[in-house]
Amino acid sequence: MSDPPFRIDVLTLFPDWFAGLLDTSLLGRARDAGVVRVDVHDLRAWTSDRHRTADDEPYGGGAGMVLKPEPFFAAVEDLYGDVDARPRTVVLTPRGALLDQERVRDLAGAGHLLLLCGRYEGIDERVHEVLAHDEVSIGDYVLAGGEAAAAVVIEAVTRLLPGVMGNEQSATDESHAHGLLEYPQYTRPASFRGMEVPEVLRSGDHGRVEAWRRDRAIERTRRVRPDLYARWRAIGGAGADDLTPGGDRRLNQGGD
Ligand code: SAH
0 MSDPPFRIDV
10 LTLFPDWFAG
20 LLDTSLLGRA
30 RDAGVVRVDV
40 HDLRAWTSDR
50 HRTADDEPYG
60 GGAGMVLKPE
70 PFFAAVEDLY
80 GDVDARPRTV
90 VLTPRGALLD
100 QERVRDLAGA
110 GHLLLLCGRY
120 EGIDERVHEV
130 LAHDEVSIGD
140 YVLAGGEAAA
150 AVVIEAVTRL
160 LPGVMGNEQS
170 ATDESHAHGL
180 LEYPQYTRPA
190 SFRGMEVPEV
200 LRSGDHGRVE
210 AWRRDRAIER
220 TRRVRPDLYA
230 RWRAIGGAGA
240 DDLTPGGDRR
250 LNQGGD
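Numbering (numbering that gives the first Met the number 0) for the sequence shown: 0 to 255.
So, in structure tokens, the structure goes:
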């Protein structure tokens, strides 16, 4: 018996934007395996005038156009019967909370998501107020539309669903999983254009490897992302002044 697929509905003015994405690699495989089902809906299907108008001028003046509320509400009522019956609804917006792995994990537990994509100057505030459970930004920059941001959410969530990644370990061991960035990774050849893979990684000494990776993760996080590092320290992580002496600190900690 397999679980029903995780469902993601997308409301957008540009459904074609998602065509290739959903067939490719991870998402295509997840869909074929019945793990995820993504339905992309054309917001214009819920416009009511002859010109299928989805946007209008902003009240109070100013540049650009704003997406009208009616099509969003009509789509939600049509798709789910009632506003209150809508799934976990995410509005993609540069003024939302920054997307991080914690929220991705949280969204991946929802079972069913509705992603609302803006365009132009954004979406009428009443859509945010009434329909959004989450307002999510993918970074401190402004895109032309919510589609690329929705794609980010879809991909980040899908790869956490059970059975999607070949190796479940990678989701617990990677950047942001424990508040640190990932350690450096190497593969064959051991020597490439004069650059050697660190000896410790070839030593076969599991304890030393673990200690080395942890140290590199701490170092890198402190250097590249002082903000993450400070937060990690605050929640009880060891400091860079607490790097593994001799790189073997975990040798006697039991475990495997
Ligand atoms: N005038 C708006 C920006 C509109 S950009 C403002 O200043 O806040 C048009 C659409 O692109 C938005 O409605 C949103 O859906 C999407 N978008 C742009 N940047 C984004 C970001 N960083 N994260 C998520 N969505 C974004």
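The C-beta atom is built at its ideal place from N, Cα and C for all residues, glycine as well.
Taking 8 Å as the upper bound for CB-CB distance, residue 53 and residue 66 are in contact here, some 6 Å apart. Annotation: residue 98 to residue 38 spans about 22 Å, alpha carbon to alpha carbon.
Within the stretch 9-39, the alpha helix (DSSP H) runs of at least 4 residues that lie entirely inside it are, in chain order, 18-22, 24-31.
Per DSSP, reduced to three states, the secondary structure at residue 218 is helical. For residue 237, the CB contacts under 8 Å within the same chain, skipping 5 residues up- and downstream, are 217 in chain order. Counting along the chain, residue 243 sits inside no beta strand (DSSP E), nor does DSSP assign it H or E at all. Two segments are said to touch when three or more pairs of C-beta atoms, one from each, lie closer than 8 Å; by this definition the stretch 181-189 does not touch the stretch 22-40. When C-beta atoms of the stretch 141-160 are compared with those of the stretch 197-211, fewer than three pairs fall below 8 Å, so the two segments do not count as touching.
Note: residue 137 is not bridge-paired with any residue in the DSSP secondary-structure output. If you ignore the 5 residues before and after residue 17, its C-beta comes within less than 6 Å of the C-beta of 39, all in its own chain and listed in chain order. Distance from residue 112 to residue 89 at the Cβ level is roughly 6 Å; contact confirmed, criterion being Cβ atoms closer than 8 Å.
Looking only at 101, 91, 108, 138, the smallest Cα-Cα distance to residue 127 is reached by 91.
With a cutoff of 7 Å, residue 107 does not count as near the ligand SAH, since its C-beta is closer than that to no heavy atom of the ligand. Around the beta carbon of residue 82, fewer than 16 other beta carbons lie within 10 angstroms, which makes this residue exposed. For a cut-off of 8 Å, the C-beta gap from residue 116 to residue 144 is around 6 Å, short enough to register as a contact.
Straight across, the Cα-Cα distance linking residue 131 with residue 86 is about 10 Å. Under the three-state reduction of DSSP, residue 93 is assigned to strand. Taking C-beta separations shorter than 7 Å and ignoring five residues to either side along the sequence, the partners of residue 231 in its chain run 178, 179, 220, following chain order. At a Cβ-Cβ threshold of 8 Å, residue 146 and residue 63 do not count as neighbours.
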